[in-house]
Structures are given as structure tokens and as C-alpha cells.
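Residue numbers (our numbering): 746 to 986. Heads up, the thing below is written out as C-alpha cells.
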């Protein structure tokens, strides 16, 4: 919406409210339409989001709202099925797409989209603010640390838990390790020795994919002792270009 200048809008105007809602919605949708297909685009999009979020905190709140409504696992939260709730209603609450005929999308498409949302969220929390800004990161690594601690205190679910953990750690693990050091190594140890076996227990045999990716990632991390920067990672030098 290039013709509308946000500087000329009152923060309580209808146009401003609609514009910020739409901006937040379109940013989060990039997780589905762009990042799920090309993981390396997570950081450029995250930088664009931070450029606005750091100056317009209300936009950030809307971005989080869109994240949570599309991907409750970023709360983190596993929606339970309610009494009397239909399968369509339940799967919609989980984040699945359902067409006009009531057909629920295939699991691999659902997991791929969730992967895009998680990767965008993880890129946001680990991306640096412009050096010219003296403010604190509006939703930085401390939020990612809390999310990681909370999700391993929930009972895992088949496929989705392995998916969100792998994508989150693959993107934000490098930055979290740099900041939290020994604490991060402890949480990786807990993941390997205590939490991953729980995921295996609830995962049906032959499902492969998500749990295999997480297992390989954890094994490589334990062996190397560190997590390499993710594909497409951008540091603070990005803002000097």
C-alpha cells in the first residue's frame, strides 16, 4: 500500500489499524508462501519485519497474533480436541487447511507450512537490530530461550514436535548457543537423553521424515559441540550495506 504514509495516520485511525493488520498478516504469510519453499529467505524477511517492529511495537503484537493463530506450537501449545468437536474443526484449530468440501490437507503439506512459520519466527528472534537503534530487541533470543524451555516441558506429539524443534534449532540454535553457552549445551543434552526418546515413543513406526531430521541434527550437534550458522544467516553487517 505505497500511497498511504504511516506517518500521516493517527495510531487510532481505522486506516492505520487496517494497514498494520494487513502488514502483519502479509509478513507472517511469507512463512507459508516463501520460506517453506526456500529456507534461506527467512533472514531477509525477518530483517524487514524487525525494521518495522522496532519502530512500531503494535505491529509486532499483531505479527505475534498472526503467528499464534496459524501456528499455536509457537506459543507453545498443542490444541486438545474438545467434546463434540468435529474432525474438520479440530484439524483447523491445529493449523491444517480445509477446503470448501471439508477435505483436510495432507500431513506433509501441513508440516511444510508449519516449518516455514517456525523458521521465520526463529529468524526474527535471532536477527540483529539496526546498529543505529539503541532500543532492545522487541522479541529477541530470550523469547526463543523461553519457548525452547517450555516446549520440552510439554508432552510431545507425533511429527509436529520433531518438526518445530528441528526447524527452530536449525535457524536459531547457532545464536542461542553463542548467548547461552553452557546452559544451551545442557538443554541439548536434555533433548538428546530425555526428550528425544519421548518423541520416539509417541511416533508411529515408519513415519520417518521429521524425527529422522531431528535425530540427525542432535547427533551432529553432540558430536561437533556446536551449531553452524543457518543457511541464509545475516549478521549486523547487513544493516551497513
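Where a beta carbon is used, it is the ideal one built from N, C-alpha and C, also for glycine.
Requested in this report: State the DSSP-derived secondary structure class of residue 804, mapped to helix, strand or coil.
Outcome: helix
Query raised in the report: For residue 925, which of 775, 837, 965 and 887 has the nearest alpha-carbon?
Result: 887
Query raised in the report: Just to confirm, does residue 926 get its C-beta within under 7 angstroms of one of the non-hydrogen atoms of the ligand HEM?
Result: With respect to small molecules bound, the structure shown includes none, and the ligand HEM cannot be examined in it.
Query raised in the report: For the stretch 777 to 786 against the stretch 820 to 839, are there 3 or more C-beta pairs whose distance is under 8 angstroms?
Result: no
Report task. State the Cα-Cα distance for the pair residue 900 and residue 940, rounded to the nearest angstrom. Result -> 9 angstroms
**Report entry** Residue burial classification, residue 895 (beta-carbon count within 10 angstroms, cutoff 16)
**Finding:** exposed
Report task. Hey, could you find the ends of the alpha helix (DSSP H) residue 841 is sitting in? Result -> No alpha helix (DSSP H) holds residue 841; DSSP gives it neither H nor E.
Query raised in the report: Beta carbon of residue 883, beta carbon of residue 799: below 8 angstroms?
Result: yes
Query - For residue 849, three-class secondary structure by DSSP - result: strand
Query raised in the report: Where do the ends of the alpha helix (DSSP H) carrying residue 957 lie?
Result: According to the DSSP assignment, residue 957 belongs to the alpha helix (DSSP H) that extends over 954 to 969.
Query raised in the report: From residue 977 to residue 789, what distance separates their C-alpha atoms?
Result: Distance from the CA atom of residue 977 to the CA atom of residue 789, rounded to whole angstroms, is 8 angstroms.
Report task. Return the chain-ordered list of same chain residues with a C-beta closer than 6 angstroms to the C-beta of residue 827, the five sequence neighbours on each side being excluded. Result -> none
Requested in this report: Given a cut-off of 8 angstroms, decide if residue 850 and residue 841 are closer than it, judged by their beta-carbon atoms.
Outcome: Yes.
Query raised in the report: Does DSSP put residue 905 in a helix, in a strand, or in coil?
Result: helix
Report task. Return the Cβ separation of residue 889 and residue 917 in integer angstroms, given the expectation that the two are a contact with Cβ distance under 8 angstroms. Result -> 5 angstroms
Report task. Please go through the same chain and pick out, in chain order, the residues whose beta-carbon is closer than 8 angstroms to the beta-carbon of residue 974, but skip the five residues on each side of it. Result -> 919
Report task. To the nearest angstrom, report how far apart residue 794 and residue 839 are at their CA atoms. Result -> Rounded to the nearest angstrom, the two C-alpha atoms are 25 angstroms apart.
Query raised in the report: Would the beta-carbon of residue 766 fall within 8 angstroms of that of residue 807?
Result: yes
Query raised in the report: Where does the unbroken alpha helix (DSSP H) through residue 939 begin, and where does it stop?
Result: Where residue 939 is concerned, there is no enclosing alpha helix (DSSP H), given that its DSSP letter is neither H nor E.
Requested in this report: Could you tell me how far apart the beta carbons of residue 897 and residue 935 are, in whole angstroms, since I believe they sit closer than 8 angstroms?
Outcome: With a Cβ gap of about 6 angstroms, residue 897 and residue 935 count as contacting.
**Report entry** Cα-Cα separation between residue 931 and residue 878, rounded to whole angstroms
**Finding:** Answer to the nearest angstrom: the Cα atoms are 33 angstroms apart.
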